[in-house]
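Each remark here refers to the structure printed beneath this line.
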Amino acid sequence: MSSFKNVEDSRTKYVGNFIRESDFLVVLTGAGVSAESGIPTFRGADGLWRKYSPHQLATYEAFMKNPNLVWEWYSWRREKIKSAEPNPAHISIAKLEKVKEKFWLITQNVDGLHRKAGSQKIIEFHGNIWKEKCISCDFKRESYEIYKDELPKCPNCKNLLRPDVVWFGEPIDPDILHMSFDLVKGADCVLVVGTSGVVYPFAGLIEFSIKSRKKVVEINLEPTPFSDLCYISLQGKAGEILPQILNYIVQ
Ligand code: BV8
Ligand code: ZN
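Once you know that position 8 of the sequence shown is -5 in my numbering, the rest is easy, because the numbers rise by one and skip nothing.
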């Protein structure tokens, strides 16, 4: 076995041991956790949809200007997610919830794959693609529709329904924001998986963890602005590294 492989294995073993020994584990995830389920990430090469960047589509202004285009993008994503299965990264995180008495998961992902893998103690920081809400009144619903021809309308007031997700320029629900920072405040170990760490305020959770000297472990395919600041940064696929770590936790 190459010396590099040996080093990586010993680091994975070390991470597994201190996650097992940790008192309160918080896991923070981004689009990279769903990549091995075939869901394009936001900033990866496969991430872009046609010629648009998420910043051009995931905004209230874009939706009000062209609701058909924005719903077309979300329907395309719903279609991809509908046929996707949780991958070993989602499954490993769901297993961590079962073995760690004090555990919470906070995800940026709106795809619902963590829940599908069995995660229950989860905060969906940016909402959920399978939820919709009215642009005018407080009507909300879950829906698994893929809209092809006509756009969804509110049964109460007949106005447009939009995806119930947080767009760029929109605030995070204050309760969700406060609960998320409280959880990270209480944690002694924070596992950051599959995020480029560029979107705030979610990236503020990572920043806060590092500044308050939590043991922060990063698992990511490529380096991020936080890689050099973390306690340990493991570079590779979450779907490969997490099961290895679990082997040292679940005997
Ligand atoms: C806010 C939901 C303030 C929608 C998303 C100008 C105006 C207004 C705000 C701003 C502004 N300029 C900056 C801001 C702040 C802005 C921001 O942070 N912008 C960034 C880009 C600079 N933030 C906001 O706008 C937030 N709101 O600030 O409001 C406010 C306050 C009060 C009152 C009014 C306003 C809201 C941000 C939320 C945006 N919504 N999603 C949807 O999904 O459609 S963000 C979107 O990006 C997704 O949630 C995604 O998860 C998130 C972050 O991306 P990542 O998850 O990190 O994904 P990415 O592709 O970037 O990276 C994946 C990583 O995985 C890569 O590193 C890759 O290497 C790795 N990887 C790939 N494969 C694997 C892997 N790792 C492991 N294994 C693998 N197999
Ligand atoms: Zn309405």
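Where is the CB? At the ideal position from N, CA and C, for every residue including glycine.
Return the Cβ separation of residue i and residue j in integer angstroms, given the expectation that the two are a contact with Cβ distance under 8 Å.
| i | j | result |
| --- | --- | --- |
| Asn327 | Leu138 | Nothing about residue 327 can be read from this structure; the chain reaches only from -12 to 238. |
| Val171 | Ser130 | Contact doesn't hold; Cβ gap of about 32 Å is too wide. |
| Pro75 | Gly226 | 4 Å |
| Arg64 | Ile116 | 6 Å |
| Arg102 | Ile110 | Not really, about 12 Å apart at Cβ, beyond 8 Å. |
| Val2 | Ile232 | 6 Å |
Excluding the five sequence neighbours on either side, which residues of its own chain have a C-beta within less than 8 Å of the C-beta of residue i, listed in chain order?
| i | result |
| --- | --- |
| Phe5 | Cys176, Lys202 |
| Gln43 | Ala49 |
| Gly156 | Thr46, Tyr47, Glu48 |
| Lys140 | Asn146, Leu147, Leu148 |
Going by the C-beta, is residue i closer than 8 Å to any heavy atom of the ligand BV8?
| i | result |
| --- | --- |
| Leu148 | no |
| Gly99 | no |
| Trp154 | yes |
| Pro158 | yes |
| Tyr61 | yes |
| Phe189 | yes |
| Pro41 | yes |
Would the C-beta of residue i count as close to the ligand ZN, meaning under 8 Å from any of its heavy atoms?
| i | result |
| --- | --- |
| Lys103 | no |
| Ser130 | no |
| Lys145 | yes |
| Ser123 | yes |
| Phe50 | no |
| Cys246 | Nothing can be reported for residue 246: it is not among the residues displayed for the chain, which extend from -12 to 238. |
| Phe213 | no |
Could you check the C-alpha separation between residue i and residue j for me, to the nearest Å?
| i | j | result |
| --- | --- | --- |
| Ile236 | Arg7 | 5 Å |
| Gly17 | Cys124 | 30 Å |
| Lys127 | Ser106 | 23 Å |
| Asp136 | Glu66 | 15 Å |
| Leu229 | Gly191 | 23 Å |
| Gln222 | Ser167 | 25 Å |
| Lys89 | Glu132 | 36 Å |
| Val180 | Leu92 | 11 Å |
| Asp162 | Gly114 | 13 Å |
| Ser40 | Phe29 | 8 Å |
| Ser9 | Tyr134 | 45 Å |
| Ala22 | Gly184 | 16 Å |
| Thr94 | Ser70 | 20 Å |
| Pro27 | Phe213 | 22 Å |
| Asn207 | Lys120 | 33 Å |
| Asn96 | Pro210 | 20 Å |
| Lys224 | Pro142 | 44 Å |
| Gln238 | Glu194 | 32 Å |
| Glu72 | Leu100 | 7 Å |
| Arg200 | Met51 | 43 Å |
| Leu164 | Lys198 | 18 Å |
Please return the same chain residues whose Cβ sits closer than 7 Å to the Cβ of residue i, not counting the five positions on each side in sequence.
| i | result |
| --- | --- |
| Ile159 | Phe112, Val153, Pro188 |
Between residue i and the rest of its own chain, which residues show a CB-CB distance below 6 Å, the 5 nearest in sequence each way excluded?
| i | result |
| --- | --- |
| Lys87 | Leu12 |
| Leu178 | Val14, Val204 |
| Cys144 | Ser123, Cys124 |
| Ile78 | Ala104 |
| Gly25 | Ala71 |
**OP:** Kindly confirm or deny that the stretch 76 to 84 and the stretch 144 to 164 touch, where touching means at least three C-beta pairs closer than 8 Å.
**Re:** Contact fails: fewer than three Cβ-Cβ distances are below 8 Å.
Original post:
Contact between the stretch 57 to 67 and the stretch 215 to 222: three or more CB pairs below 8 Å?
Top reply: no
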